[in-house]
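Okay, so here's the structure we're looking at.
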Amino acid sequence: MDIQAIQLFADAARTGSFAAAAREHDLAPSSVSRAVALLEEELGARLFQRGTRRLVLTEAGSVYLDQVAPLLQALARASAEAADISREPRGPLRVTTSNAFGLTQVVPMLPSFTRRYPDVEVDLLLTDTVVDLIAERIDLAVRLGPLSDSSLIAVPLLRMRYRVCASPAYLREHGRPQSPGDLAGHACLRFPLPGFRSRWRFRDATGVEEEVAVGGRIVISNALGLLDCALAGAGVTLLAEVMVADALRDGRLVDLFPDHEVTATNFDGAASFVYPSRDYVPLKVRVFMDALREAMHSRMTGEGGP
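Residue numbering for the sequence shown follows this note's numbering, beginning at 1 and increasing consecutively.
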């Protein structure tokens with residue numbers, strides 16, 4: 001039986017169309033349709049009801065998918081383990097993370113990573129929605145904040161620290177707040193999530209916590225947009241330290257409360273590597289994790305970058 005045909009069937013079932021499965025494999029939709037038709041002929045059963053908009057599994061197709069999906073995963077894992085024996089990472093690597101984190105932390109390290117590992121093909125999905133790692137065949141995700149799916153494996157990447165920043169131009173015009181409470185009189189650039197939008201939390205060196213109400217006329221759903229506005233002198237913003245490290249280092253932004261811990265949610269936030277299975281982590285995934293850790297360490301310490 002043709003394993004590729006079985007994989008095309010499974011991908012068509014997952015995506016809901018021959019065309020979507022074909023795009024993933026760089027094939028013509030007719031090739032996928034023909035492969036599935038031959039598989040149906042061999043099995044003597046119809047696997048899909050061909051609708052005008054979306055494929056729907058028949059009862060036989062659903063039973064067949066339940067049986068072959070674990071086998072396909074096992075074959076993929078076996079192939080990865082066999083390839084890793086050579087100790088040369090290779091093959092496609094699907095990674096996902098948020099737009100802002102991806103553009104500022106992941107994208108800059110890709111050129112050096114692909115030069116170092118020329119046999120690894122990186123497919124980076126940037127999205128601010130939570131992706132189903134199994135359904136989308138994601139090898140590795142980088143997620144910020146708490147994880148909702150306990151079936152996934154999470155490995156800490158770094159503790160998320162936040163900074164309240166403004167540009168020197170803004171501070172010259174509006175003055176520098178001397179305490180967190182002074183933010184009530186400043187234009188704050190805010191993210192449209194609970195906490196980020198209405199209140200920021202501070203903890204001083206003695207452990208005393210303070211919650212400060214914030215307001216302002218600019219709310220942006222993307223951290224890069226908030227960063228650009230802060231750099232342009234539009235106000236005070238709360239952003240992850242990894243987002244503002246370069247700007248703080250070269251003086252384009254000023255950390256207003258360096259002696260405080262700051263957050264909009266909780267003080268123990270973290271960024272984590274997340275992947276689907278603890279059974280086996282392919283070498284290509286492990287070296288990517290190591291490379292991102294190294295790149296972020298270099299960036300945060302100012303020791304250079306990839």
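Backbone N, C-alpha and C fix where the C-beta goes; we use that ideal spot for every residue, glycine too.
Computed from a predicted model, the values in this text were never measured in an experiment.
Cα separation between G269 and A135? When only Cα atoms are considered, G269 and A135 end up about 27 angstroms apart.
I'd like the list of long-range same chain contacts for A45, defined as Cβ closer than 6 angstroms, with 5 residues on each side in sequence excluded. Taking A45 as the centre and dropping the five residues before and after it, the same chain places the C-beta of A60 closer than 6 angstroms to its C-beta, in chain order.
Whole-Å CB distance - A166 paired with V236, under 8 angstroms assumed: Going by Cβ atoms, the distance from A166 to V236 rounds to 5 angstroms, so yes, they are a contact pair.
Distance, Cα to Cα, D139 vs L93? If I take the Cα positions, the gap works out to 6 angstroms.
Status (buried if at least 16 other CB within 10 Å, exposed otherwise) for T97: By the Cβ neighbour-count rule, T97 is buried, with 16 or more other Cβ atoms within 10 Å of its own.
Excluding the 5 residues preceding and the 5 following I6 in the sequence, name in chain order all residues of the same chain whose CB lies nearer than 6 angstroms to its CB. Same-chain partners within the cutoff: V68.
Output the distance between the C-alpha atoms of D246 and R137, rounded to the nearest integer angstrom. Whole-angstrom Cα-Cα distance: 34 angstroms.
Since S340 is in the alpha helix (DSSP H), which residue starts that stretch and which ends it? Outside the displayed range of the chain (1 to 306) lies residue 340, so it cannot be described from this structure.
Do we get a CB-CB distance below 7 angstroms when we pair R90 with the residues of chain B? This model lacks chain B altogether; it includes just one protein chain.
Using the Cα positions of R252 and L227, report the straight-line distance between them to the nearest angstrom. Straight through space, the alpha carbons of L227 and R252 are spaced by roughly 11 angstroms.
Same chain only: Cβ atoms within 6 angstroms of L157, ignoring 5 sequence neighbours per side: A271, S272 and F273, listed in sequence order.
With R203 and F267 assumed to form a contact (beta carbons below 8 angstroms), what rounded beta-carbon distance in angstroms separates them? At roughly 6 angstroms, the Cβ-Cβ gap stays under 8 angstroms, so R203 and F267 are in contact.
Taking C-alpha atoms, which residue in R176, H260, Q178 and V244 lies nearest to V208? V208 has its Cα closest to that of H260, out of R176, H260, Q178 and V244.
Residue closest to A234, alpha-carbon to alpha-carbon, out of A187, S198 and W200: Cα-wise, what sits closest to A234 is A187.
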